[in-house]
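Below is one structure; the comments refer to it alone.
Protein chains: 2
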Amino acid sequence: MRQEKRERHTKILTALSGASSVRVAELARQFGVSTETIRRDFDELTRGGQLSRTYGGAVRTLDSRHHGEAERQSILLAERQRIAKATVDEVADARILLIGCGATAVQVARQVAARLKDITVVTHSFAVAAAVGVNHLVEVMMIPGLYHPAKASTTGGHAIVFLQSLYADYVILGASGVTQDGPGDSLPEIAAVNTAMMSRAARCVIAADQSKFNLSSSTRYADWPQVSTFVTDAAPPAELQKTLESNRVKLLVA
Amino acid sequence: MRQEKRERHTKILTALSGASSVRVAELARQFGVSTETIRRDFDELTRGGQLSRTYGGAVRTLDSRHHGEAERQSILLAERQRIAKATVDEVADARILLIGCGATAVQVARQVAARLKDITVVTHSFAVAAAVGVNHLVEVMMIPGLYHPAKASTTGGHAIVFLQSLYADYVILGASGVTQDGPGDSLPEIAAVNTAMMSRAARCVIAADQSKFNLSSSTRYADWPQVSTFVTDAAPPAELQKTLESNRVKLLVA
DNA sequence: TGAAAATTGTGGAAATTCCAACAATTGCAT
DNA sequence: ATGCAATTGTTGGAATTTCCACAATTTTCA
Numbered sequence: 002m003r004q005e006k007r008e009r010h011t012k013i014l015t016a017l018s019g020a021s022s023v024r025v026a027e028l029a030r031q032f033g034v035s036t037e038t039i040r041r042d043f044d045e046l047t048r049g050g051q052l053s054r055t056y057g058g059a060v061r062t063l064d065s066r067h068h069g070e071a072e073r074q075s076i077l078l079a080e081r082q083r084i085a086k087a088t089v090d091e092v093a094d095a096r097i098l099l100i101g102c103g104a105t106a107v108q109v110a111r112q113v114a115a116r117l118k119d120i121t122v123v124t125h126s127f128a129v130a131a132a133v134g135v136n137h138l139v140e141v142m143m144i145p146g147l148y149h150p151a152k153a154s155t156t157g158g159h160a161i162v163f164l165q166s167l168y169a170d171y172v173i174l175g176a177s178g179v180t181q182d183g184p185g186d187s188l189p190e191i192a193a194v195n196t197a198m199m200s201r202a203a204r205c206v207i208a209a210d211q212s213k214f215n216l217s218s219s220t221r222y223a224d225w226p227q228v229s230t231f232v233t234d235a236a237p238p239a240e241l242q243k244t245l246e247s248n249r250v251k252l253l254v255a
Numbered sequence: 002m003r004q005e006k007r008e009r010h011t012k013i014l015t016a017l018s019g020a021s022s023v024r025v026a027e028l029a030r031q032f033g034v035s036t037e038t039i040r041r042d043f044d045e046l047t048r049g050g051q052l053s054r055t056y057g058g059a060v061r062t063l064d065s066r067h068h069g070e071a072e073r074q075s076i077l078l079a080e081r082q083r084i085a086k087a088t089v090d091e092v093a094d095a096r097i098l099l100i101g102c103g104a105t106a107v108q109v110a111r112q113v114a115a116r117l118k119d120i121t122v123v124t125h126s127f128a129v130a131a132a133v134g135v136n137h138l139v140e141v142m143m144i145p146g147l148y149h150p151a152k153a154s155t156t157g158g159h160a161i162v163f164l165q166s167l168y169a170d171y172v173i174l175g176a177s178g179v180t181q182d183g184p185g186d187s188l189p190e191i192a193a194v195n196t197a198m199m200s201r202a203a204r205c206v207i208a209a210d211q212s213k214f215n216l217s218s219s220t221r222y223a224d225w226p227q228v229s230t231f232v233t234d235a236a237p238p239a240e241l242q243k244t245l246e247s248n249r250v251k252l253l254v255a
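Here the protein sequences come in this chain order: S and D.
So in the numbering used here, the last one in the first sequence is 255, and the numbering has no gaps at all.
So in the numbering used here, the last one in the second sequence is 255, and the numbering has no gaps at all.
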């Protein structure tokens, strides 16, 4: 049965929520499958961003709930905040704002909550909704869809259909990789929603820190001609910068 | 020098806060010491409870504070869990399940994630979505709408319109008050969504602990004839029990 | 200073994991 | 039914880790 693989996957995740790490050999014995199968399961779940491998096993990827993540992100927190401020400056005249998901998007959401009012924010990210929600002068609209655990956001057909029926002044999106071809996300489901968002907004702002430069291990969700502004925290590589210019993308280095 | 060991220990912990796992060989190379030394460092830090070993490396021990937080959410946790278990028993044959918001609903969501599969859960609560989302065999559909900060859930016209277009086998709702007139919620926006949910499900299960009995400071969102089952943790007052009987509401005391 | 204690390095055998290629099996569609 | 694609098992060799005993070095303190 094809179902068995998915069952194993959830069992792995379940085991991982009860222990800080699991081992290939242990799970293979426990599930009655070969170690290679577990190894392959790990590969898939790694691609999905749900766990990360160790030698001989795997550990849960730290989601936002975990303390360590906050610490890890705090390394880039200052950069993200600078990026977020510049981004919000750029869209300060918006009345309807689409915001994607990701750590940078959350910082943008915080800035929006702190500085804007009389505005409607539409998002598919739980974290963004919660961050903007603290300001009662900002209306937050949640996009429907299938819940995506790795990113705590909604995806899929419902999300895309919902987006078709609305208009926004700006869309602000993060990226897990930015190449000369365009910005991308590691998860195809998220990339699809991003694409749909872009089609509904008059202008598009991409916000990503320098660590994303030339990271292509991701699904591209837009081409540069569709992007109005790219906000980052350091000068991009020459070729990328050239591509931006030739596509008339406004570059903001915060 | 004795200092070097402690330095290494802090460096190990630092490295561990920047990555989800570290490897013996890697650290040995990085610190310029033998792998045995790193191994012994790991042993000590493990005894101190600061990390836990994996084959070939180590990971940070999960912060028990985080787990405790959700548990500490209420003294009524045990009761809520009993109620949740009985509730899930009641809807175990469902293929599409609507779940409302609130602390009890979250416990139900946990039970669903732990025990059911091949099912679709539709909800407007962030917490419920996150709780069910850990099980990848359960599809979680998020309802759109205006974000309601107090309950971390969606409300309003978009939510209600969205609900009109779907069908569910069961709807499970909490309540902030349960009177002879019916279950109610303290927030009108939530009550409206609850009402809409009820109209789309074949059967309705209300789950509420005894502290909600005869609490009428709320907006009633349903009449008893619409309710199939009422799950609670103690025998309700005589009059309420009588009302349930006369409306053929199945009473479950967990 | 000198000896005990703590710390670290070394070396080799045993156990474990990884990887890649290939075979067997299962589910699904034409 | 037949063929294709996806999933899983198997195998063997290379690479890595572990474990243990013992030696070398440094620290402590009497």
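Even glycine gets a Cβ: it sits at the ideal position worked out from N, Cα and C.
query	result
Distance, Cα to Cα, Gln211/S vs Ala236/S?	8 Å
Which chain D residues sit within Cβ distance under 8 Å of Val60/S?	Ser21, Ser22, Thr55, Val60
From Met142/D to Gly178/D, what does the alpha carbon distance come to, in whole angstroms?	27 Å
May I have the straight-line CA-CA distance separating Thr196/D from Lys12/S, to the nearest angstrom?	36 Å
Any beta carbon from chain D within less than 8 Å of Phe214/S's own beta carbon?	no
Which complete beta strand (DSSP E) runs does the stretch 136-198 of chain S hold, if anything under 3 residues is left out?	139-143, 146-149, 154-156, 169-174, 178-180, 183-186
So with CB distances below 8 Å, who are the chain S contacts of Gly158/D?	Residues of chain S passing the Cβ test: none, with the nearest at roughly 11 Å.
Just to confirm before moving on: does the CB-CB distance between Val162/D and Thr55/S stay below 8 Å?	no
Along the chain, where does the alpha helix (DSSP H) that runs through Leu245/D open and close?	239-247
Does any residue of chain S bring its CB to less than 8 Å from the CB of Ile13/D?	no
Report yes or no: is there a C-beta of chain D within less than 8 Å of the C-beta of Met142/S?	yes
For Val25/S and Ser154/S, I'd like the C-alpha separation in whole angstroms.	30 Å
Would Val1/S and Val228/S qualify as a contact pair, given that the criterion is a beta-carbon distance under 8 Å?	Only positions 2 to 255 of chain S appear in the structure, and residue 1/S is not among them; the question remains open.
For Arg221/D, collect the residues of the same chain with a Cβ closer than 6 Å to its Cβ; drop the 5 residues on either side in sequence, then sort them by chain order.	Asp182, Gly183, Gly185
Where in the stretch 23-63 of chain S do unbroken runs of the beta strand (DSSP E), each at least 3 residues long, occur, reported from the N-terminal end onward?	52-55, 58-61
How many whole angstroms separate the CB atoms of Ala114/S and Val135/S, which I take to be in contact at a CB cut-off of 8 Å?	5 Å
Would a check of beta-carbon distances place Ala132/D closer than 8 Å to chain S?	no
Output yes if chain S places a C-beta closer than 8 Å to the C-beta of Ala16/D; else output no.	no
Just to confirm the assignment, what range does the alpha helix (DSSP H) spanning Val107/D have?	104-116
Please look up how many angstroms separate the CB atoms of His10/S and Asp42/S, rounded, as I've assumed it's under 8 Å.	6 Å
At a Cβ cut of 8 Å, what residues of the stretch 175-198 of chain D count as close to chain S, listed as they run along the chain?	none
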